[in-house]
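Protein chains: 2
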Amino acid sequence: MSVKISPLAPTSYPEMPILAGVRLASIEAGIKYQGRKDLCLIAFDKPAQIAGVFTKSKCPSAPVDWCRKHLSKGRAKAIVINSGNANAFTGHKGVIATKQTANAAAKVLDCEEEAIFLASTGVIGEPLDASDFENKITKAYSKLSNEGWHEAAQAIMTTDTYPKLATKAFAIDGKQYHINAIAKGSGMIAPDMATMLSFIVTDLSVEHTVLQKLLSRYTKSTFNAVTVDSDTSTSDSVLLMSFGDNDTIADIKSLQIKTFKKALRAVMRELSMLLVRDGEGATKQVCIKVTGATSKQSARKIAKAIADSPLVKTAIAGEDANWGRIVMAVGKAGEPAERDLLTISFGDIMVAQNGERVPDYSEEATSKIMQADEIDISIDIGLGKGKAKVWTCDLTKEYVAINGDYRS
Amino acid sequence: MSVKISPLAPTSYPEMPILAGVRLASIEAGIKYQGRKDLCLIAFDKPAQIAGVFTKSKCPSAPVDWCRKHLSKGRAKAIVINSGNANAFTGHKGVIATKQTANAAAKVLDCEEEAIFLASTGVIGEPLDASDFENKITKAYSKLSNEGWHEAAQAIMTTDTYPKLATKAFAIDGKQYHINAIAKGSGMIAPDMATMLSFIVTDLSVEHTVLQKLLSRYTKSTFNAVTVDSDTSTSDSVLLMSFGDNDTIADIKSLQIKTFKKALRAVMRELSMLLVRDGEGATKQVCIKVTGATSKQSARKIAKAIADSPLVKTAIAGEDANWGRIVMAVGKAGEPAERDLLTISFGDIMVAQNGERVPDYSEEATSKIMQADEIDISIDIGLGKGKAKVWTCDLTKEYVAINGDYRS
Numbered sequence: 007m008s009v010k011i012s013p014l015a016p017t018s019y020p021e022m023p024i025l026a027g028v029r030l031a032s033i034e035a036g037i038k039y040q041g042r043k044d045l046c047l048i049a050f051d052k053p054a055q056i057a058g059v060f061t062k063s064k065c066p067s068a069p070v071d072w073c074r075k076h077l078s079k080g081r082a083k084a085i086v087i088n089s090g091n092a093n094a095f096t097g098h099k100g101v102i103a104t105k106q107t108a109n110a111a112a113k114v115l116d117c118e119e120e121a122i123f124l125a126s127t128g129v130i131g132e133p134l135d136a137s138d139f140e141n142k143i144t145k146a147y148s149k150l151s152n153e154g155w156h157e158a159a160q161a162i163m164t165t166d167t168y169p170k171l172a173t174k175a176f177a178i179d180g181k182q183y184h185i186n187a188i189a190k191g192s193g194m195i196a197p198d199m200a201t202m203l204s205f206i207v208t209d210l211s212v213e214h215t216v217l218q219k220l221l222s223r224y225t226k227s228t229f230n231a232v233t234v235d236s237d238t239s240t241s242d243s244v245l246l247m248s249f250g251d252n253d254t255i256a257d258i259k260s261l262q263i264k265t266f267k268k269a270l271r272a273v274m275r276e277l278s279m280l281l282v283r284d285g286e287g288a289t290k291q292v293c294i295k296v297t298g299a300t301s302k303q304s305a306r307k308i309a310k311a312i313a314d315s316p317l318v319k320t321a322i323a324g325e326d327a328n329w330g331r332i333v334m335a336v337g338k339a340g341e342p343a344e345r346d347l348l349t350i351s352f353g354d355i356m357v358a359q360n361g362e363r364v365p366d367y368s369e370e371a372t373s374k375i376m377q378a379d380e381i382d383i384s385i386d387i388g389l390g391k392g393k394a395k396v397w398t399c400d401l402t403k404e405y406v407a408i409n410g411d412y413r414s
Numbered sequence: 007m008s009v010k011i012s013p014l015a016p017t018s019y020p021e022m023p024i025l026a027g028v029r030l031a032s033i034e035a036g037i038k039y040q041g042r043k044d045l046c047l048i049a050f051d052k053p054a055q056i057a058g059v060f061t062k063s064k065c066p067s068a069p070v071d072w073c074r075k076h077l078s079k080g081r082a083k084a085i086v087i088n089s090g091n092a093n094a095f096t097g098h099k100g101v102i103a104t105k106q107t108a109n110a111a112a113k114v115l116d117c118e119e120e121a122i123f124l125a126s127t128g129v130i131g132e133p134l135d136a137s138d139f140e141n142k143i144t145k146a147y148s149k150l151s152n153e154g155w156h157e158a159a160q161a162i163m164t165t166d167t168y169p170k171l172a173t174k175a176f177a178i179d180g181k182q183y184h185i186n187a188i189a190k191g192s193g194m195i196a197p198d199m200a201t202m203l204s205f206i207v208t209d210l211s212v213e214h215t216v217l218q219k220l221l222s223r224y225t226k227s228t229f230n231a232v233t234v235d236s237d238t239s240t241s242d243s244v245l246l247m248s249f250g251d252n253d254t255i256a257d258i259k260s261l262q263i264k265t266f267k268k269a270l271r272a273v274m275r276e277l278s279m280l281l282v283r284d285g286e287g288a289t290k291q292v293c294i295k296v297t298g299a300t301s302k303q304s305a306r307k308i309a310k311a312i313a314d315s316p317l318v319k320t321a322i323a324g325e326d327a328n329w330g331r332i333v334m335a336v337g338k339a340g341e342p343a344e345r346d347l348l349t350i351s352f353g354d355i356m357v358a359q360n361g362e363r364v365p366d367y368s369e370e371a372t373s374k375i376m377q378a379d380e381i382d383i384s385i386d387i388g389l390g391k392g393k394a395k396v397w398t399c400d401l402t403k404e405y406v407a408i409n410g411d412y413r414s
C-alpha cells in the first residue's frame, strides 16, 4: 500500500495554544499497528458541554451508537479514541467492547460511564478486544498534558498521509478565547479502515444545546460538503466540547457568541479542506460551485453529483477541462435543469453558455487553470437562486492502488 | 488511450438470421473517426411498430428529444445512428441537426420525418454537421442489405472494445420468429463520448403500445440493472421495432406472445451482460444479489449503492473479499437495514452473519471465488421479501487511464 504523502499536504502545522482545562495523551496500545500511537485520551478537568454529529449510515459502528445514546445529557468528562479497529459490524461483541471501554475510562477518571464518549476507526468487522483497556487508559491518564494536540492528531490517523489540526482565537468582551481541533480521514472510508473523525474543543463555555445547533448547522457547509469517493463510513463522528470560566452562554442569538460562531465555522472549514487535500490518491483540490438552482438543496445535490462523478474526477486528474462530463453529471443529478440555460466555467473562463460551447474560449488559458492544484468549477443552472459549494479531489490510479492493490 | 480488448470479451459472435423486411447499411461518413464506419441506417420495407426507452438525464441530447417527440405515433420507417458526435449540449444547433438528418432520411426513404428515428453517440458539446447527410444517407441507402448486422454493431461503437450482438428464435403456433439486436456502451458515458444504445428488431408484428410496456418492464431488470461507473449518459436510448406478416398482436396478456416475451427479455439480458463485460477497464463481472429488503425498490437501491461504490469496486479489482465495504455500502444506501440482521456471502461462502464475521469461513476458498472473472455477492437484509439483482464490473487503474490519461 502506498505511503506517499499527499502532494497537497500543508507545508507547516499550526502551533496549538494551551487550553487550560483540557489535557490529552496518546499511547501505543498495539490494537493493530506496531510502533505507533493508536489510543488517544482527551480529558476535561471539569465536565465539558458536548455536542455531536454522526454518520448517516444505516449500519453505524458501536461507538457511534454509544455516543448517540449519551449525547442528550450533554456532558463529557473524557473522549477515548482508538485507531486500527473501527468496532463496526461487530454485533453484540461490539456493544460489549464500548461498554468495557467506557467503564474502564469512567473508573480511571472517576466519573459516570455516560460522561465517556468514544470513537474508533480502522478495520470493519473485526471484534475490538477492550479487555485490557483499563490498564491502557490508566497509562494514558498518567501522561495527560495540555500540549498533546499534535500527538493526538497523529494517534487517530489511519490512511491519512498527514495529521490535521486547526486553531482559531476569538475575543469576547475583550477577553481572548480559543478553539483547538483535530481531524482524521482520507477517503470517506479508507482501505479496510474507515472514517472521518473530528474533535473540536473551545475554552468558551457554551450550553450543549447551542453547541449542537451550531455544529449541525455548520456541518452542512463544511464536513458534509466534502467528498472523496462518495462512500460513507459507518463511523463518521464530529464531537464539539466546550468548557470555561465564563457564564455559560445559553442563547444562540446572543451577540456575544458572534465571534465564536465565526471561529467555529472557520475551524470546521479548515479541517474539511485538510480532509479533501488528503483524499486517497488526490493531486487536485476541486471546488464545485453551483448557482441558479431552484433551491439550496437542489444546488447541493447537483454539486454533489458532479463532485462524485468518476468521469468528472478522472478528467480533472487528466487536467482536462471536460465540460461535457459536467453536463452529464448535472443531468444525472435528477434536479431541475435545462440544458439550454446552463453556464459552465473553469476558474474564470466560461467554456459553455446557453447549452452550447463558448466558441472562442482560450483552450490554452483553460489548460493552465487545469494544471493548478486548486481548481474552481462553476455551474450556473439559470433557473433560480439556490446555491451550494462542494469540495472534492480528483480520481487517480493511486486511489485504485491504495484501495485495490492488496488482498485481505 | 487504451485500445486493449476487454479480457471479458466473448470468444465468438452469434450468426444473425436474416429478417425479411429490415435492411441495414453502414458507411464511413467521416464524422470524427477516420478509416472506420460511423453512420448506420436501419430501414424497414414497411413501417415498423416502434417503442423506446431513454436516458433519465435532465439534459438529454437532441436526438433523444427528437425520438421522444415522435414516439407516440409508434411508426418507424428508418433509424439513423451516428458515432463520433453525440449531438448533446449543442443547443439550437443540435435541434437543427436532428431536423436536417430526419429530413434527409425522409427524402431518401420517401416517408414522413416523424417516421425517422435518430441516435447519436460520441463527443458532447460539439455541433454535429448534418448539412451533407442527404448524400451520406443516399449512399447508405444504396448499400442496404439484410445481412448488415455485424457491420452495424461495429459502426455504432465508440470506446467499446468489441461489437455487441444477440439473437433469439421463438415459435408461435408452429411458426418460427426472431429477435435480432445490437448494442453499444462501455462506460455509462465514455471518454468525451457517451452512451448506451441498443436497437432490437423482431419479425413478429406487435402493436407498439404492447412493445412499449414490455420494453419498459424488462429494461428495469436488464439495461437499468447494470452499472459501470454510476454515470448516466445524455443519450442512452433503447429502441424496439417490430414488423411481420402475422396479425398484429395487440393484447399484452395474449398467451400467443409468451415465447416472444421470454425471448425479448433474454436478448435484453444478454446485451446487458455484454455491456457490463465491456465496462471500461473491467476485469471482473460482478452480480450483486440483494434479498430480504423491505421492498423491491429498496433492494434495488441497496444493490445499486453496492455496485456503484468505488471502494467495493476497487476491492473486487484487488480480489479482496472485503465485506466491511459491503456493510458500508448497505449503510450508505439510506434504506431500511439493521446491522445485526445482515448476511453477506461471496459466491456460496457466507462470510458475515447477524452483524458479525462468520468466525470459521475459509479465507482460502473465498480467495478462489474472488479470483474468478465472474463473482456473485449476495446480501440478505433480513427484514422483508424485497429482492433485486444489479450487475457491475470492478474499478481498475485502467478505468482511470481510459478516462483520465489524455487532455482534450
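These protein sequence lines are chains A and B, in that order. For reference, each letter of the first sequence is one residue, going 7 to 414 in my numbering. For reference, each letter of the second sequence is one residue, going 7 to 414 in my numbering. Using N, Cα and C, we set each Cβ at its ideal position, and we do this for glycine too.
Relative to the alpha-carbon of residue i, which residue among the options has its alpha-carbon at the smallest distance?
| i | options | result |
| --- | --- | --- |
| I263(B) | D166(B), T215(B), D242(B), F176(B) | F176(B) |
| N88(B) | A158(B), Y367(B), L217(B), M356(B) | A158(B) |
| M163(A) | A343(A), D44(A), L261(A), V318(A) | D44(A) |
| E118(B) | A327(B), R81(B), A94(B), E140(B) | R81(B) |
| A343(A) | G361(A), I375(A), S148(A) | G361(A) |
| R140(B) | N109(B), S373(B), G58(B) | Correcting the residue type first, residue 140(B) is Glu in the shown sequence and not Arg. When each option's Cα is compared against that of E140(B), the closest is N109(B). |
| D135(B) | P169(B), G100(B), A121(B) | G100(B) |
| A31(A) | A49(A), C293(A), D242(A), K62(A) | A49(A) |
| S18(A) | G388(A), P133(A), L171(A), K38(A) | L171(A) |
| Q359(B) | T61(B), K174(B), D386(B) | D386(B) |
| G191(A) | D366(A), A92(A), T173(A), S148(A) | A92(A) |
| I456(B) | T372(B), S373(B), M22(B), M376(B) | Nothing about residue 456(B) can be reported from this structure: the residues present for chain B run from 7 to 414 only. |
| I381(B) | Y147(B), I143(B), Q291(B), V273(B) | Q291(B) |
| L317(A) | T238(B), A309(B), S351(B) | T238(B) |
| A15(B) | I383(B), D166(B), K174(B), Q303(B) | D166(B) |
Can you name the residues of chain B whose CB is closer than 9 Å to the CB of residue i?
| i | result |
| --- | --- |
| R306(A) | The premise fails here: R306(A) is roughly 15 Å from chain B at the closest Cβ pair, so nothing lies under 9 Å. |
| I130(A) | N328, W329, G330, R331, V333, M334 |
| R74(A) | Residues of chain B passing the Cβ test: none, with the nearest at roughly 14 Å. |
Which whole-angstrom value is the C-beta distance of residue i and residue j, which I expect to be below 8 Å?
| i | j | result |
| --- | --- | --- |
| A125(A) | T96(A) | Not really, about 15 Å apart at Cβ, beyond 8 Å. |
| K128(A) | G90(A) | Position check: residue 128(A) holds Gly in this sequence, whereas Lys was assumed. Yes, G128(A) and G90(A) are in contact; Cβ-Cβ is about 4 Å, under 8 Å. |
| D209(B) | L25(B) | 4 Å |
| V333(B) | L348(B) | 7 Å |
| G298(A) | L389(A) | 6 Å |
Can you tell me whether residue i is buried or exposed, with buried defined as 16 or more other CB within 10 angstroms of its CB?
| i | result |
| --- | --- |
| G285(A) | buried |
| S151(B) | exposed |
| H98(A) | exposed |
| Q55(B) | buried |
| E325(B) | buried |
| S12(A) | buried |
| S78(B) | exposed |
What does residue i reach in chain A if we use C-beta pairs closer than 7 Å?
| i | result |
| --- | --- |
| A343(B) | K64, C65 |
Determine, using beta carbons only, whether residue i comes closer than 8 Å to chain B.
| i | result |
| --- | --- |
| D411(A) | yes |
| L401(A) | yes |
| L127(A) | Residue identity differs from the one stated: residue 127(A) is Thr in this sequence, not Leu. No, T127(A) lies away from the interface with chain B (no Cβ there is under 8 Å from its Cβ). |
| G324(A) | yes |
| A321(A) | yes |
| L317(A) | yes |
| S239(A) | yes |
Since residue i meets chain A, which of its residues come closer than 9 Å, beta carbon to beta carbon?
| i | result |
| --- | --- |
| A487(B) | Residue 487(B) lies beyond the range of chain B shown here (7 to 414); nothing can be said about it. |
Please list, in chain order, the chain B residues whose beta carbon lies closer than 7 Å to that of residue i.
| i | result |
| --- | --- |
| G361(A) | F95, G97 |
Listing by chain order, which chain A residues have their CB less than 8 Å from the CB of residue i?
| i | result |
| --- | --- |
| G340(B) | K62, K64 |
| V406(B) | T320, A323, L401, T402, K403, Y405, V406 |
| G337(B) | T61, S63, K64, C65, P66, T238, T240 |
For residue i, decide whether its Cβ has a neighbour in chain A, counting only Cβ atoms nearer than 8 Å.
| i | result |
| --- | --- |
| D198(B) | Summary for D198(B): the model assigns pLDDT 43, below 50, so the residue's position carries little reliability, and this model does not support an answer. |
| N91(B) | no |
| T167(B) | no |
| T398(B) | no |
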